[in-house]
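What follows is a single structure, written as structure tokens, with notes after it.
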Amino acid sequence: MVGVAAVPAWLQSSRFYRFDWIPVWGPAACWTIAVLLLALPGLAGRREPGRIKPPSLVVAIVLGVAMVPVWSVSMFATSFAAEDSEVVAVAVNSDGRHELVTELHKIYNHPPGCRVLLRERGWLFSRQDTVWNEDVCPQHVSFTGDTMIEAVTESGETERWKFDADQMQVDRIYRFR
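FYI, in this note's numbering the residues of the sequence shown are 6 to 182.
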């Protein structure tokens with residue numbers, strides 16, 4: 006059950022930024038722990054000579070062998086999905102419920118870029134949404150009013166976007182330059 010629950014947690018980890026540390030190999034680790042827990046009763050019980058192995062132990066052995074390729078794929082994906090980011094600036098709105106985080110990031114095999122993330126603050130399931138994702142960081146990003154975000158681009162232009170605080174969505178289709 007834990008292994009099955011790990012998959013949606015991993016898929017949603019980018020939306021709920023406090024869980025973005027859930028690694029690619031998280032589901033494989035949970036499944037392996039589940040297989041070990043399944044095998045535990047079969048290994049702990051006494052067996053008399055000539056008695057067959059309990060079905061849970063046989064199932065655990067089969068599932069354990071099946072985990073080998075899952076771990077291989079997970080480790081392969083981890084090596085290619087590595088991400089490195091550095092926070093450059095943080096702006097907090099007037100009521101303190103949201104923040105704009107500007108960060109430089111490098112994803113394996115992609116050129117370095119800059120992104121600005123709108124984040125909720127202060128609770129475990131805080132959500133985030135991408136405001137900006139381009140090659141160059143904006144000169145300045147700030148909140149203007151309760152539901153507006155303003156960014157001054159590298160060329161000096163000012164761009165504004167509205168965001169829905171309840172849905173945590175930004176009215177911007179960001180582009181890659």
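We treat Cβ as the ideally placed atom computed from N, Cα and C, and that holds for glycine.
Cβ shell of residue i (< 6 Å), same chain only, five flanking positions each side left out
i, result
"A68", "Reading the sequence as shown, one finds Leu at residue 68 and not Ala. Once the five neighbours on either side are set aside, the close Cβ partners of L68 are V40."
"W76", "A33"
"E164", "A156"
"T158", "P143"
Buried or exposed (CB count within 10 angstroms, at least 16 for buried), residue i
i, result
"S79", "buried"
"T107", "buried"
"Q5", "The requested residue 5 is not part of the displayed model; the chain covers only 6 to 182."
"W137", "buried"
"G101", "exposed"
"L123", "buried"
"G127", "exposed"
Helix, strand or coil at residue i according to DSSP, with G and I counted as helix
i, result
"W166", "strand"
"F130", "coil"
"T135", "strand"
"G150", "coil"
"W119", "First, the residue type needs correcting, since residue 119 is Cys and not Trp in the sequence shown. Reduced to three states, the DSSP call for C119 is strand."
"V141", "coil"
Nearest-angstrom Cα separation, counted from residue j out to residue i
i, j, result
"S131", "A94", "19 Å"
"R120", "H103", "16 Å"
"A33", "T135", "28 Å"
"R182", "E91", "Because the pLDDT at R182 is just 41, under 50, the model does not fix this residue reliably, and the value given afterwards should be weighed accordingly. Cα to Cα, R182 sits roughly 20 Å from E91."
"Q174", "P116", "26 Å"
"A125", "E162", "A small correction: the amino acid at residue 125 is Glu; Ala does not occupy that position in the sequence shown. Near 27 Å, if we compare the C-alpha coordinates of E162 and E125."
"M72", "T37", "7 Å"
"L109", "I154", "19 Å"
"C142", "F81", "31 Å"
"D89", "D140", "15 Å"
"D151", "Q172", "14 Å"
Residues near residue i in its chain [Cβ-Cβ closer than 7 Å; skip 5 each side]
i, result
"A96", "E104, L105, V146, S147 and F148"
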